[in-house]
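Quick notes on the structure that follows.
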Amino acid sequence: MKQSPKPKSARRQLISKIFMIIVFLVGVLVMMYPFYINAVNDFIDQKRMEEVQRQNKEQNKEQVRKAKERMKKRNEELKKNGLVPKAPKFTNSNERKIVSDEYIREHLIGAVSIPAIEITLPLFDTTNEKLLQEGATVLQGTSFPTGGINTHSVISAHSGLPEKKLFTDLEDVKIGEVFVITLFEEKLAYEVDKIDIVEPKDTSVINIEPGRDIVTLLTCTPYMINSHRLLVTGHRVPYTEKMAKAIEKADDSRKLKQILVLVGVGLTILILLIGMYRVIHAYLLRKRRFNLNLLHTDVTGNVLAGREFAMYTKNGKRPVQRQGIPLVTVTDEAGRARFENIPGGVYCIKDNEGVGFNVGIKKLRQEKIDLYLTKQQKNYIFTKNNAVQIKK
């Protein structure tokens, strides 16, 4: 096989095609970022919660009991002295703070599940910017979500983070719908009975209500503006098997959507990478040059002179041209014809009657041309003595 110098036009075409693929790939990754990063982060969160649940099972029950007792003791103090909620500072900074797994495990106490919007978030025992970027947090100065009358726990989480959904859809929760707090292994269910929108520093609606066990979910609103605070409050109701199934169904639905997102993004990247590979492969292949010798005879072996053959693209639809002139060759008196200095690739060779067959090279290391024939064509087209013989 001969080697030819790289045409500048081909080089420019290669660079242009690769650039377009890269731009498209970056565009897809940027556009889909909130979806696939949320799916990845949610997967990590679920694994963390599973790990904590596993550790809780392995822990001495006395340790879990003591942790709950500390929380209940704090709740008793708040019953006597009243709540002193500190309005959470939801910053708009996109800078993520580095949080160690050890720090997360230290403060992770359970989970918050809201079936209506298909979320289950890790729940932490204190509110700070580090933990707010990881999940939901118990607001300082309010009750721990241990349950019991004369308690009011406020659980806060971000909305509108590009990398995590968190409480972004909390505004879709309606009165009468249920959310569930998992504290260690205990399940506490709450039915939404009040929804408020207040100024960021307004904590007047966060109070202990005598004889009631209530929890408020708090986030910023409206979406991406964050000028106010949304408070979704629910009162304690019995945790039922129906709720457990609703949470399981919501979790399964969320996981399926996330899997589809990740698979979709993965397939898109794979397709674009394959496209880039094919562009580069085609470019390198076209650097190769080969000559195609033809021999045309009838079925008895008599040579056929004056028979015209034209070269087309692989699909047989577009004539191959050189300097604007279609590549055509005619058999001589010995029945032979020749196409010279053909760029690497597969081409369709058509005779006078428009019947064609495919021939060429597909691989970079392929030393000889190969035929790509139908089952019927194999009966009368074959290679012999470094030529393609058409015996028809």
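Just so we're aligned: 392 in UniProt numbering is position 392 of the sequence shown, and the numbers increase by one with no gaps anywhere. In this text, a Cβ means the ideal position worked out from N, Cα and C, and glycines have one as well. Remember, it's a predicted structure, so these values are computed and weren't measured experimentally.
Item: Looking at C-alpha atoms only, which residue of 168, 192, 300, 125 is the closest neighbour of residue 237?; Value: 192
Item: Please name the residue in 323, 166, 366 whose C-alpha comes closest to that of residue 287.; Value: 366
Item: On the three-state DSSP scale, how would you describe residue 100?; Value: coil
Item: Would you say residue 196 and residue 231 are within 7 Å of each other, going by their C-beta atoms?; Value: yes
Item: Counting Cβ pairs closer than 8 Å, one from the stretch 129–149 and one from the stretch 70–87, do we hit at least three?; Value: yes
Item: Would you call the CB atoms of residue 307 and residue 296 closer than 7 Å?; Value: yes
Item: Tell me where the alpha helix (DSSP H) around residue 172 begins and ends.; Value: That residue, residue 172, is in no alpha helix (DSSP H); it is neither H nor E in DSSP.
Item: Output the distance between the C-alpha atoms of residue 212 and residue 251, rounded to the nearest integer angstrom.; Value: 29 Å
Item: Where residue 216 and residue 80 are concerned, what is the direct C-alpha to C-alpha distance, given to the nearest angstrom?; Value: 20 Å
Item: Going by C-alpha to C-alpha distance, which of 136, 168, 257 sits closest to residue 112?; Value: 136
Item: Beta-carbon within less than 8 Å of residue 332's beta-carbon, same chain only, minus the 5 sequence neighbours each way: which residues are those?; Value: 305
Item: Would you kindly work out how many angstroms separate the C-alpha atoms of residue 187 and residue 170, rounded to a whole number?; Value: 20 Å
Item: Unbroken beta strand (DSSP E) runs of length 3 or more, entirely within the stretch 127–154: which are they?; Value: 136–138
Item: Alpha carbons only, please: which of 17, 309, 32 is nearest the one belonging to residue 353?; Value: 309
Item: Does DSSP put residue 340 in a helix, in a strand, or in coil?; Value: strand
Item: Check the DSSP bridge columns for residue 387 and list the partner residues they point to.; Value: 384
Item: Below 8 Å, how does it come out for the stretch 219–233 and the stretch 152–167: are there three or more Cβ pairs, yes or no?; Value: yes
Item: Near residue 48, what residues of its chain come up, given a Cβ to Cβ distance below 7 Å and the 5 sequence neighbours on each side ignored?; Value: 104, 108, 122
Item: Closest to residue 175 by CA distance: which of 244, 235, 391 is it?; Value: 235
Item: Spell out the partners DSSP gives residue 296 in its beta bridges.; Value: 390
Item: Would you mind working out which of 348, 335, 32 sits nearest residue 318, comparing C-alpha positions?; Value: 348
Item: Nearest CA to the CA of residue 293: which residue from 162, 382, 51, 43?; Value: 382
Item: Given a threshold of 16 other Cβ atoms within 10 Å of its Cβ, counted over all protein chains shown, does residue 375 qualify as buried or as exposed?; Value: exposed
Item: Apart from the five residues just before and just after residue 210, which ones in its own chain have a Cβ nearer than 7 Å to its Cβ?; Value: 150
Item: Taking 7 Å as the threshold (C-beta atoms), are residue 110 and residue 182 in contact?; Value: yes
Item: Helix, strand or coil for residue 190 per DSSP?; Value: strand
Item: Do residue 356 and residue 316 have their beta-carbon atoms positioned less than 7 Å apart in this structure?; Value: yes
Item: So if DSSP puts residue 350 in a beta bridge, which residue, or which two residues, is it bridged to?; Value: 310, 356
Item: With DSSP collapsed to three states, give me the class of residue 158.; Value: coil
Item: Excluding the five sequence neighbours on either side, which residues of its own chain have a C-beta within less than 7 Å of the C-beta of residue 380, listed in chain order?; Value: 390, 391, 392
Item: Buried or exposed for residue 340, going by 16 or more other Cβ atoms inside 10 Å?; Value: exposed
Item: Measure the C-alpha to C-alpha separation of residue 120 and residue 343 and round it to an integer number of angstroms.; Value: 59 Å
Item: What separation, rounded to the nearest whole angstrom, lies between the Cα atoms of residue 264 and residue 256?; Value: 12 Å
Item: Fully enclosed by the stretch 204–285, which beta strand (DSSP E) runs are 3 residues long or longer?; Value: 213–221, 228–237
Item: Report the residue from 168, 162, 225, 242 whose alpha carbon sits nearest the alpha carbon of residue 189.; Value: 242
Item: Can you give me the C-alpha to C-alpha distance between residue 54 and residue 129, rounded to a whole angstrom?; Value: 27 Å
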